[in-house]
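Asks: Let me give you the structure first, and then I'll get to my questions.
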Amino acid sequence: MRLCFASNNAHKLDEIRPLLPAGLQLLSLADIGCHEELPETQPTLEGNAHQKAQYVFDHYGVGCFADDTGLEVEALGGEPGVYSARYAGPQREAADNVAKLLHELGAQPNRAARFRTVVSLVRGAADVQEFSGEVAGTIAAAPTGQGGFGYDPVFVPSEGDGRTFAEMTLAEKNLLSHRARAVAGLVAFLKAE
Ligand code: IMP
């Protein structure tokens, strides 16, 4: 089976690739000749994940899945949530987003947060599936670690050993992460077909 993963984020592709069954041929957007920015204008993670996968299916005729992820911080009322990528502005800069997050939290003692990922699979008009995954954790006082991407340097998963996601190897992050959990749902669904 061939499926496109609708993301230009190479980190996401690296995380997802080892989680997929050997029989699944994973295509990138470049592989199918899609070089434009995908629409992502919905007010929910579910809406955005579906919008991206549907766009690729409609324009390229390839079965496709997309993920949309948000960091939800309790003391900030669930922000930045669906606006995580543009939290500090349209430049979508990870370092700016992290700096804004730490500034907004200040000395707030409640640092509880969670990552939530929604994966949408679109293979036809009547063949749309949704999977989700989440991981609870806390926001560190300062960024630590060189790995991962986005908010990983300040996210400490509760089920871990105190390290941020950015201090873990890709395989370690995949044992706990929101994205790995959502993709596990996708893989179980595909295997059961
Ligand atoms: P999107 O799913 O690509 O729209 O990501 C939304 C925002 O969350 C972006 O700023 C990403 O860098 C960030 N993000 C997505 N997934 C992760 C992750 O696994 N770790 C850290 N940050 C992430």
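Under this note's numbering, residues 615 to 807 are what the sequence shown spells out, in order.
All residues carry an ideal CB built from backbone N, CA and C; glycine is no exception.
Please read these numbers as outputs of a predicted model, since none were measured by experiment.
For P771, count neighbouring C-beta atoms within 10 Å of its own C-beta (all shown protein chains included) and say buried if the count is 16 or more, exposed if not.
Replies: Buried, since its Cβ has 16 or more Cβ neighbours within 10 Å.
Asks: Tell me the DSSP bridge mates of S746?
Replies: BP columns for S746 point to V732.
Asks: Nearest to G738 by alpha carbon, out of A754, C678, G747 and P757?
Replies: Measuring from the Cα of G738, the nearest candidate turns out to be C678.
Asks: Could you check how far apart the C-beta atoms of V670 and A620 are, in whole angstroms? I think they sit under 8 Å.
Replies: Contact holds; Cβ gap of about 5 Å.
Asks: Which value, in whole angstroms, describes the spacing of the CA atoms of M615 and D741?
Replies: The alpha-carbon atoms of M615 and D741 are separated by roughly 15 Å.
Asks: Check whether the Cβ of Y669 lies closer than 7 Å to any heavy atom of ligand 1, and answer yes or no.
Replies: Not under cutoff, so the answer is no.
Asks: Could you check what DSSP says for R616 in three-state terms: helix, strand or coil?
Replies: Strand.
Asks: Could you compute how far the alpha carbon of F729 sits from the alpha carbon of E686?
Replies: Approximately 6 Å between the Cα atoms of the pair.
Asks: Just verifying my parser: in three-state terms, what is the DSSP assignment at I753?
Replies: In this structure, I753 counts as strand in the three-state DSSP scheme.
Asks: Taking one C-beta from the stretch 705 to 720 and one from the stretch 645 to 664 each time, how about it: are there three or more such pairs within less than 8 Å?
Replies: With a cut-off of 8 Å, the stretch 645 to 664 and the stretch 705 to 720 do not count as touching, because too few Cβ pairs lie within range.
Asks: Pull up the distance between the alpha-carbon of V801 and that of S791, whole angstroms please.
Replies: Cα-Cα distance, rounded: 15 Å.
Asks: What residue from D645, S698 and P694 has the CA that sits closest to Y674's CA?
Replies: Among D645, S698 and P694, the Cα nearest to that of Y674 belongs to D645.
Asks: In this structure, how does DSSP classify G684 when only helix, strand and coil are distinguished?
Replies: Looking at G684 - three-state DSSP - the assignment turns out to be strand.
Asks: Measuring from each Cβ to the nearest heavy atom of ligand 2, keep the ones under 5 Å and list them in chain order.
Replies: As far as ligands go, the structure on display features ligand 1 and does not contain ligand 2.
Asks: Around the Cβ of N724, are there at least 16 other Cβ atoms within 10 angstroms (buried) or fewer (exposed)?
Replies: Flag for N724 reads exposed.
Asks: What residue from A796, L804 and L634 has the CA that sits closest to V733's CA?
Replies: Checked all of A796, L804 and L634; the closest Cα to V733 is A796.
Asks: With three or more beta-carbon pairs closer than 8 Å as the criterion, would you say the stretch 629 to 649 touches the stretch 698 to 712?
Replies: Segments in contact, no.
Asks: For the beta strand (DSSP E) holding L789, just list the boundary residues, first then last.
Replies: Per DSSP, L789 belongs to no beta strand (DSSP E); it is in the alpha helix (DSSP H), L784 to L790.
Asks: According to DSSP, is L659 part of a helix, a strand, or is it coil?
Replies: Three-state DSSP puts L659 in a helix.
Asks: Checking 8 Å against the spacing of the C-beta atoms, do G751 and T731 come in under that value?
Replies: Not a contact, by the Cβ cut-off of 8 Å.
Asks: Look at the alpha carbon of L804 and the alpha carbon of D682, and state the distance between them as a whole number of angstroms.
Replies: The alpha-carbon atoms of L804 and D682 are separated by roughly 20 Å.
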